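S.K.: Just so you know, we're using the numbering used here here: the sequence shown kicks off at 2 and counts up by one.
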Amino acid sequence: MIAIQATNLSKAYGFYRIFEDLSFEIRAGECFALFGPNGAGKTTLLRILATLQQPSHGQFSVFGQDGVTEKDLVRQSLMVIAHGSHLYDELTGFENLQFALALRGQAFDPKTLKYGLDRVGIGAFGDLKI
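(1) Could you check which residue in 120, 66, 127, 125 has the C-alpha nearest to that of residue 33?
(2) Given that a residue counts as buried once 16 or more other Cβ atoms are within 10 Å of its Cβ, and exposed if not, what is residue 56?
(3) Three or more beta-carbon pairs under 8 Å between the segment 37-57 and the segment 92-99, yes or no?
(4) Pick out whichever of 109, 21, 26, 17 has its Cα sitting closest to the Cα of residue 4.
(5) Which residues bound the alpha helix (DSSP H) around residue 39?
(6) Under the DSSP definition of a beta bridge, which residues are partnered with residue 67?
(7) Measuring only the C-alpha atoms, how far is residue 130 from residue 124?
(8) Just to confirm, is the Cβ distance from residue 68 to residue 49 under 9 Å?
(9) Here's the rule I'm using: 16 or more other beta-carbon atoms within 10 Å means buried, otherwise exposed. How should residue 7 be labelled?
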């Protein structure tokens, strides 16, 4: 199953092109890393995929929901935790994620969360305080 699909995605501010004709697929359960120098458009791409910005051209979908016309449905499928996401120091990694899921009205499944943390190599740290 394709989780995120982008087709000919572009973003420009006036004549300044951030990125152009970016196409990719991320399957459910895959880990995906986004690398590039400062100013390459990494944050802009993530903001577009989180429906916080509009692409200048192209389209994208999250679990089959159109990222431009079905923003509310896309947002229900996503959770973005960035490096400056203000986690609670007094809580463990698991507790912070449980809290974030509760804010979204989603159930907390410890086995699924542990599997996800293991997949990205941080499962051993879930019980440690941030």
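Glycine included, every Cβ here is placed at the ideal spot set by N, Cα and C. All of these numbers come straight from a predicted model, not from anything done at the bench.
M.R.: Once the coordinates are examined:
(1) Translated into the one-based positions of the sequence shown, residue 33 becomes position 32. Taking only the C-alpha atoms, the option nearest residue 33 is 120.
(2) Start at 1 with the first residue of the sequence shown, and residue 56 comes out as number 55. It is buried - the Cβ of residue 56 has at least 16 other Cβ atoms within 10 Å.
(3) Touching, no.
(4) Locating residue 4 in the sequence shown gives position 3, counting from the first residue. That would be 26, whose Cα lies nearest to the Cα of residue 4.
(5) Mapped onto the sequence shown, residue 39 falls at position 38. Note, residue 39: premise wrong, no alpha helix (DSSP H); not H, not E.
(6) Sequence index remark: in the sequence shown, residue 67 carries index 66 (1-based). Paired residue(s): 62.
(7) The residue labelled residue 130 in the question sits at position 129 within the sequence shown. The residue labelled residue 124 in the question sits at position 123 within the sequence shown. C-alpha separation (whole angstroms): 13 Å.
(8) As a position in the sequence shown, residue 68 is number 67, starting the count at 1. As a position in the sequence shown, residue 49 is number 48, starting the count at 1. Contact: yes.
(9) Along the sequence shown, one-based indexing puts residue 7 at 6. Looking at its Cβ environment, which holds 16 or more other Cβ atoms inside 10 Å, residue 7 is buried.
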